[in-house]
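Mind the numbering: the sequence shown is residues 1 to 271 in the UniProt record's numbering, read in order.
The C-beta atom is built at its ideal place from N, Cα and C for all residues, glycine as well.
Heads up, the thing below is written out as structure tokens.
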Amino acid sequence: MARWGDDKTLQFVILYRNHECLWNPKSSQYKNNILRNNAYEDMIMKMNDPTLSLKSLKTKIKNLRSVYHNELKKIEHSKRSGSGTAEVYNPSTSWFHEMHSFLGDTGDYRTSIELNVEDSSRSSSNPSKRRKKGVLEEGSITCALDRWENLTSVINRPTEYDEFHYFAQNVAAQLRALPLYAALDLQTEIQTLLIAARQCEIQKEKIMENALQSRVKSATTTSKVALSANKVESLTFMLKWMPLIDQNYYKAVPPEQSGKTKKKKINKNRN
């Protein structure tokens with residue numbers, strides 16, 4: 001999934017907030033899988049991101065909640081350290097306060113933290129230094145979130161099992177139930193059949209490839225023959241109509257030029 005900026009992440013959090021069935025365990029709709037799936041589909045549609053799938057959307061929610069929880073821990077730690085009100089850690093991410101506005105009351109993350117979101121709590125005796133620190137913290141959090149998403153997408157990648165996987169497990173169980181010698185004989189026969197089937201498929205692919213190449217060559221040859229036939233037809237047409245063209249040319253010559261031509265012919269005959 002492509003990396004999102006702060007604005008798009010905030011949009012995602014707002015959409016998440018609008019679907020209470022996804023985040024509020026106290027809601028009667030929280031365990032309704034139909035409503036939850038509809039909510040996921042609505043979020044995917046409204047985010048309008050072709051790289052966003054159901055799997056990546058769930059991973060995004062999980063990662064944002066993890067970062068949100070870590071931010072709460074930082075606030076709690078700064079309060080316990082005995083710092084003054086102005087020194088209490090205040091997350092600078094654009095989406096944190098929006099997420100806390102609805103997750104803070106769910107009891108999902110049990111904490112007694114009270115966020116200082118008023119403008120007065122953001123100011124201090126050295127505002128420029130605190131502003132710079134906030135920018136650095138926001139960038140580091142975004143970078144850490146992206147890395148965490150990439151890591152979890154690999155770890156949480158589900159293994160896709162199909163009917164052949166379970167069939168192989170069944171065959172393996174039956175082979176284990178046989179004596180070792182008999183199981184090895186059957187294993188050899190099964191492997192021989194598989195090799196023969198693969199060789200047959202390879203041979204079919206070669207035949208199809210050769211047939212395709214023959215069709216391409218045939219089509220190319222046909223095009224060349226058709227082009228040559230067109231050239232011959234054009235040449236025949238020119239030879240057929242050339243005498244008539246010459247006659248029309250001489251008919252179109254002015255009388256003065258025609259008289260000069262006759263005089264030249266008489267002089268040649270006298271000589």
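The DSSP-derived three-state label of Ala177 is coil.
When the alpha-carbon of Glu71 is set against those of Arg17, Lys206, Leu103 and Gln199, the nearest one is in Leu103. Annotation for Asn63: the continuous alpha helix (DSSP H) segment containing it runs Leu54 to Arg80. Under the criterion of beta carbons closer than 8 angstroms, Ala39 and His19 qualify as touching, at roughly 4 angstroms. Annotation for Leu22: no alpha helix (DSSP H) segment contains it, and DSSP assigns it neither H nor E. The criterion of a C-beta distance shorter than 7 angstroms is satisfied by Leu175 and Ala183.
Spatial neighbours of Gly5 in its own chain (CB-CB distance under 7 angstroms, excluding positions within 5 residues in sequence) are not present.
Between Met43 and Tyr16 a beta carbon distance of about 7 angstroms is seen, short of the 8 angstroms cut, so the two are scored as contacting. By the neighbour-count criterion, in which a residue is buried when 16 or more other Cβ atoms sit within 10 angstroms of its Cβ, Phe12 is buried.
Between the beta-carbon of Ile75 and that of Val67 there is about 13 angstroms, and that puts the pair past the 8 angstroms contact cut.
Asn24 and Tyr30 have their alpha carbons spaced roughly 6 angstroms apart. A direct Cα-Cα distance of roughly 29 angstroms separates Cys200 from Tyr181. Val171 and Ile202 have their alpha carbons spaced roughly 26 angstroms apart. Less than 7 angstroms divides the Cβ of Trp95 from the Cβ of Leu10. Sequence-distant partners of Glu98 (beyond 5 residues in either direction) whose C-beta falls short of 8 angstroms from its own C-beta, in its chain, are Leu10, Val13, Ile14 and Arg17. Between Arg36 and Cys21, the C-beta gap is smaller than 7 angstroms, which places the two residues in contact.
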